[in-house]
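Trainee: Before I ask anything, let me first share the structure, which is written out below as structure tokens.
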Amino acid sequence: MSCDKITIEGIVIGCLPNSTFLVSTKNHRKLLCHLSGKMRINYIRILQGDKVKIEFYKNDSSKGRIIYRLK
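Quick note: to get my numbering, add 31 to the position in the sequence shown (first position is 1).
Next up, the structure:
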């Protein structure tokens with residue numbers, strides 16, 4: 032079983048409860064993403080309209096994890 036992670040960039044289009052965000056990618060897909068642990072520990076805030084780097088697995092491409100906030 033391979034655990035291939037795919038990393039792409041997207042824009043946050045919605046903020047949901049429990050550190051969950053709706054992210055739109057360049058190919059017009061919408062993913063439900065949560066914050067990674069390092070971002071929670073360091074109190075990095077994500078707002079609507081921010082560009083972020085997300086990663087997700089090939090097997091479940093509807094959910095992802097925000098790993099970086101781009102400037």
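Where a beta carbon is used, it is the ideal one built from N, C-alpha and C, also for glycine.
For clarity, every value in this text was computed on a predicted model and none was experimentally measured.
Closer than 8 Å by C-beta to L78: which residues in its own chain qualify, once you throw out the five before and the five after it? Chain order, please.
Mentor: V43 and C46
Trainee: Suppose the cutoff is 7 Å on Cβ atoms and the five residues either side in sequence are ignored; what does the same chain contact list for E86 look like?
Mentor: K36, I37, T38, G95, R96 and I98
Trainee: Along the chain, which unbroken stretches of the beta strand (DSSP E) at least 3 residues long are found entirely within the stretch 40-88?
Mentor: 51-56, 61-66 and 82-88
Trainee: Just to confirm, is the Cβ distance from L63 to S92 under 8 Å?
Mentor: no
Trainee: Between Y74 and L101, what straight-line distance do the alpha-carbon atoms span, to the nearest angstrom?
Mentor: Rounded to whole angstroms, Y74 to L101 spans 15 Å at the Cα level.
Trainee: Closest to L66 by C-alpha separation, out of N58, H59 and L53, would be which residue?
Mentor: L53
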